[in-house]
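Trainee:
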């Protein structure tokens, strides 16, 4: 695709790693053997040595790093121990525990690791770098990276050294010993999976050779041609990167010397091919996956992402203008049963309409917000360009560009119209349509940030893929699509077998496999699995019942009392006038169902809104909630994300109280109302701290935790990670914590703090600490296992040590993977064709599991239609040495404990709670909920979770408090720490200072026309942007607004010392003083004696609470004792001078203070304004009282300027 003309790309070399991988395919087929031809082409990778498209040119020009893609691989490379060059030293060095102390220190230590001193001592090397090596195996990619480094750092000699061989193979990490841990509990079940055997011929594999040339041949192309000239020796299947030669079979001799001639000047050259090592099977996996990617190309399947589809077998859904492409996804790896191909059937839904048609449809609505509607509907969507069969994600729409705009193509500028006509023969009809933008990032060597690649797309040529939100909500659309995509286990197996047969029947594909010594079997293996016994559910009143074979216990739960009941004495029911009938139906069902569930629910406080307006909901919540209200139930006419998010933000941050939001449409069906209301009542009970049911988990002094992350893709906002931990022996009460992270960051930053807080909550509840901690970690891929082991687990140990130096609980860390392509089928399970889904409780822990991991597959859920996908569990660490049966049964039991579903779910409940928590914070709340809700996490729901969480911004946790030579606090921009809420009538002189409509500081009314505040609040601020709000308890609404006429800073104001930190604001219009909500405050006379030490002074404002974590929307205040200037100077002796114009107030033990956002606010003693809040180090820090401007020291200046 063409790039936007505003960002021309700079030329650079392709990644050596990418060239290496491409060469594997180039040398693995008849067409790619002609490596010396100028027209050589690899259709699979899109790389051409002849003329290429603009998109390919741009991609090839981008500099790339040889460390792979993504943070995980970069970290994994850093984690590899350095290899000494001295053969007498061990090849594997111990890896120290670098993660203690947090991620920043961990990465810093990794990046600062020094190679051994002898590593810098290099001897002369040949062009090939060939030497002796005692290693028995090699990673060709790592080896190539070493070669590249050595070639760059040392000039190539003129001849090959015959006596000194300095070539060192970087040894790839040896896999751990074979791990086989299988359970025995449960009944035996015959199973089949979607794994196909790949047989490797004896004495075949991947053999590594180095190739030397004497005299040296500098040109890589020439070296490739020299090797190609001896295909009769090497065969057709090989790959050569200029130094390393990989062959599927061993040559007759360890050392082969061949005479060749250079293709340019026919110079005779001696080519020495020296055997190095035969790679192990696990090292060949990357090559084998590339081979199957090539096979997909041979079978003429179109690649989209990592999947391949067959457009010739497309199924058309004409009534919805959709088409469905069937396809396959493959993965080759080594398992307990040997080398296998994991093969699954997949589908891709595409629209038959273009993005251009979609834009025209929006334009026909003649909405004034046309561009906004287009962006809202297209951002994040994936489109298909049929001319090259590639997919792109839409990241922006450029309305100021069109196809007649130009961009740099080669050495000239060309329009998009001309480019598509020339390259693809496509005529663009509408020359005024906007352009779509796709942005991708690539890691670049020696650059901290990845390089952003921006490609422009023409809407007329782009077809939408996937489904819109409207389509997903349409039952008919989803039903018609499911006809093609929801296939039975038998149909899936038949499609898999058909694919394998097509591979074996295709001569080119079969020969490609055979050339590497591989044979693909067409029948899946038959294996023996186990089915665990279904659990007994414990409900209220001592009732116990079985979940049954289908693990659905809805009837039993709704017909029995809850396990722990919280009676509702005071609550609010809020709805609009048009939903009054629905509200009455809801109340009638609640009254009839109370006795059935054993809960008492009083008559609610009714609040009726005149219309469905988000602002009305917010205003009603802020003004109608009384003290003692337990829960707020809101019936909304429709489902709207903006309304939902606004309500949750108010009830999570401003007024922390549990809430239940109900869509009125769910209560429209009278026949289903009773069951729906019963489920709502169950949710309300668990939100208030009740428990719905439990299962027997016989683990004592144990805490079970769940971890997951959420990544928002549309708005490119920060990611959110969540940590959830159990607090009681029955594992029904939870503590939760969320952390804001960098965008797309999967590794959790705040584990140490989160676990520490959870352990403290556990100790408060149980008067002891758990001896065992079991953590289920969701969201980790195979490539990140080692990094997770080295980074996250040490944080857990550090949290325990922080709590108590001798506290060392046994930690079990289990990875939970649900996004996998593995399928499990049961044989003779009662299905009509004899093949069905694996039943709930099915476990498979051999044959298709990892050879060097303790892992197992578990099917916990019931699937009536389609094919079930198991969950993959990998035990990364187990200090308790649990048996496989214990961990498998525990995983299954935890799948029963999710309170939003009366059955089992795919993952343990703690993982699902963490997932919902991270999703809601990242998607809707996006701000700090109240801390009072952190230990009331019960059954997180998508609609209720905001009321069971406490969000801690991980980035703010590391704000440094280090002090420079003259460190003083910056302008405070947030509420009172350790205080209490007050009404504006308690401080009618208090105002909110606003810049561009946003609260920045506080201030005091000294007359109808003048405001006294802090100078640092107005430093560099234009008077036209300043206003004040007076007469309101709330920071964001109410009262009256007055604009500033002029600003006067004290002439002695010093930004470095905060001397004379005061300013006056003259208002354009006078304030209407009423003595109740708006009033002026008296000031002392010049040099009047200060209040006595220890006098109580009130400070008020809307600033931060709880230090840097919370800010308030409601006016708050606290009382502070006046501190003698000498004592205050001692506290600030290393940072500031406490002058005669300053007055200190605060507790030396901390806990109460003004904070950011309170600056400029009043310090009042006996209704007299004695100070203006100025600065401090931190907020409410022990030994560091707050510093204020002494009003009596600047009283003459105030009178001179304002005549007050």
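Numbering (full-length UniProt numbering), first residue to last: 1 to 1204. All residues carry an ideal CB built from backbone N, CA and C; glycine is no exception.
Quick one: grab the DSSP three-state call for residue 1054.
Mentor: Note: residue 1054 maps to strand in three-state DSSP.
Trainee: For a quick check, are the C-beta atoms of residue 556 and residue 543 less than 9 Å apart?
Mentor: Yes.
Trainee: Could you tell me which residues DSSP puts in a beta bridge with residue 722?
Mentor: Partner(s): 708, 738.
Trainee: Can you look up residue 114 in the DSSP assignment and give me helix, strand or coil?
Mentor: With a pLDDT of 41 at residue 114, under the threshold of 50, the modelled position of that residue is not reliable, and the figure given next carries that caveat. Here residue 114 sits in coil by DSSP.
Trainee: Out of 437, 436, 435, 452, which has the shortest C-alpha to C-alpha gap to residue 443?
Mentor: For the residues 437, 436, 435, 452, the minimum Cα distance to residue 443 belongs to 452.
Trainee: So is residue 539 buried or exposed if we call it buried at 16+ other beta carbons inside 10 Å?
Mentor: Buried, because 16 or more other Cβ atoms sit within 10 Å of the Cβ of residue 539.
Trainee: Per DSSP, residue 607 is paired with what?
Mentor: According to DSSP, residue 607 bridges with 574.
Trainee: Run through the stretch 772 to 830 for me and flag every whole alpha helix (DSSP H) of 4 or more residues, listed as ranges in chain order.
Mentor: For the stretch 772 to 830, whole alpha helix (DSSP H) runs of length 4 or above, ordered along the chain, are 785 to 803.
Trainee: Among the residues of its own chain, which have a CB less than 8 Å from the CB of residue 155, if the five just before and after it don't count?
Mentor: With a pLDDT of 41 at residue 155, under the threshold of 50, the predicted position of this residue should be treated as unreliable, though the coordinate-derived value follows. No residues qualify anywhere along the chain.
Trainee: From residue 295 to residue 509, what distance separates their C-alpha atoms?
Mentor: Cα to Cα, residue 295 sits roughly 6 Å from residue 509.
Trainee: Is it buried or exposed for residue 312, if we count other Cβ within 10 angstroms and need 16 for buried?
Mentor: Answer is exposed; the Cβ neighbour count stays below 16.
Trainee: Assuming residue 1004 and residue 1162 make a contact with CB atoms under 8 Å, what is their CB distance in whole Å?
Mentor: That belief holds up - the Cβ atoms of residue 1004 and residue 1162 are roughly 4 Å apart, short of 8 Å.
Trainee: Just curious, the beta strand (DSSP E) that residue 193 is in, first and last residue?
Mentor: Taken as a continuous stretch (DSSP letters only), the beta strand (DSSP E) holding residue 193 covers 187 to 193.
Trainee: Give me the Cα-Cα distance between residue 1090 and residue 1021, rounded to the nearest whole angstrom.
Mentor: The straight-line gap from Cα to Cα measures roughly 32 Å.
Trainee: By the three-class DSSP mapping on this structure, what secondary structure does residue 635 have?
Mentor: Note: residue 635 maps to strand in three-state DSSP.
Trainee: Under 8 Å by Cβ, that's how I've got residue 211 and residue 243 pegged, so tell me the actual separation to the nearest angstrom.
Mentor: 7 Å between Cβ atoms; contact.
Trainee: Using beta-carbon positions only, say whether residue 1208 and residue 331 come within less than 9 Å of one another.
Mentor: Past the edges of the chain, shown from 1 to 1204, lies residue 1208, and the structure says nothing about it.
Trainee: Using three-state DSSP, classify residue 426 as helix, strand or coil.
Mentor: In this structure, residue 426 counts as coil in the three-state DSSP scheme.
Trainee: For residue 686, report the span of its alpha helix (DSSP H) as first-last.
Mentor: Looking at the DSSP string, the run of the alpha helix (DSSP H) that includes residue 686 is 673 to 687.
Trainee: Taking residue 871 as the reference, give the member of 899, 882, 815 with the closest Cα.
Mentor: Measuring from the Cα of residue 871, the nearest candidate turns out to be 815.
Trainee: Output yes or no for whether 9 Å exceeds the beta carbon distance between residue 317 and residue 480.
Mentor: Contact: yes.
Trainee: Would you check if the distance between the CB atom of residue 1082 and the CB atom of residue 1169 is smaller than 9 Å?
Mentor: For residue 1082 and residue 1169, yes; Cβs fall inside 9 Å.
Trainee: How long is the line joining the alpha carbons of residue 511 and residue 272, rounded to whole angstroms?
Mentor: Each residue's Cα considered, the two are about 29 Å apart.
Trainee: Leaving out five residues on either side along the sequence, give the residues of the same chain with a beta carbon under 7 Å from the beta carbon of residue 1204.
Mentor: The answer, listed in chain order, is 1006, 1007, 1010, 1198.
Trainee: Is residue 552 helix, strand or coil when you go by DSSP?
Mentor: Of the three classes helix, strand and coil, the one that applies to residue 552 here is strand, per DSSP.
Trainee: Could you check whether residue 566 and residue 689 sit closer than 9 Å to each other, using their CB atoms as the reference points?
Mentor: Yes, Cβ-Cβ distance for residue 689 and residue 566 is below 9 Å.
Trainee: Using CA atoms only, rank isn't needed, just tell me which of 1098, 428, 550 is closest to residue 1173.
Mentor: The candidate whose alpha carbon is nearest that of residue 1173 is 1098.
Trainee: Find out if the Cβ-Cβ distance for the pair residue 1029, residue 1047 is shorter than 9 Å.
Mentor: No; because the gap between Cβ atoms is not below 9 Å, this pair is not in contact.
Trainee: Whole angstroms is fine: what's the gap from residue 1117's alpha carbon to residue 980's?
Mentor: Distance between the alpha carbons of residue 1117 and residue 980: 6 Å.
Trainee: Give the DSSP bridge partners of residue 1030, in chain order.
Mentor: Residue 1030 is bridged to 991, 1040.
Trainee: State the beta-bridge partners of residue 1144 as determined by DSSP.
Mentor: 1123, 1187.
Trainee: Along the chain, where does the alpha helix (DSSP H) containing residue 663 start, and where does it finish?
Mentor: From DSSP, residue 663 is part of no alpha helix (DSSP H) but of the beta strand (DSSP E) over 659 to 663.
Trainee: Whose C-beta lies closer than 6 Å to the C-beta of residue 1165 among residues of the same chain, with five residues either side of it excluded?
Mentor: Answer for residue 1165: 1091, 1095, 1097, listed in chain order.
Trainee: For residue 899, does the three-state DSSP call read helix, strand or coil?
Mentor: Coil at residue 899, not helix or strand.
Trainee: Residue 892 and residue 914 - do their beta-carbons sit closer together than 9 Å?
Mentor: No.
Trainee: Report the start-end ranges of each beta strand (DSSP E) in the stretch 384 to 465 that is 3 residues or longer and not cut off at the edges.
Mentor: Listed in chain order, the complete beta strand (DSSP E) runs (minimum 3 residues) inside the stretch 384 to 465 are 390 to 393, 396 to 398, 406 to 409, 412 to 415, 435 to 442, 451 to 457, 462 to 465.
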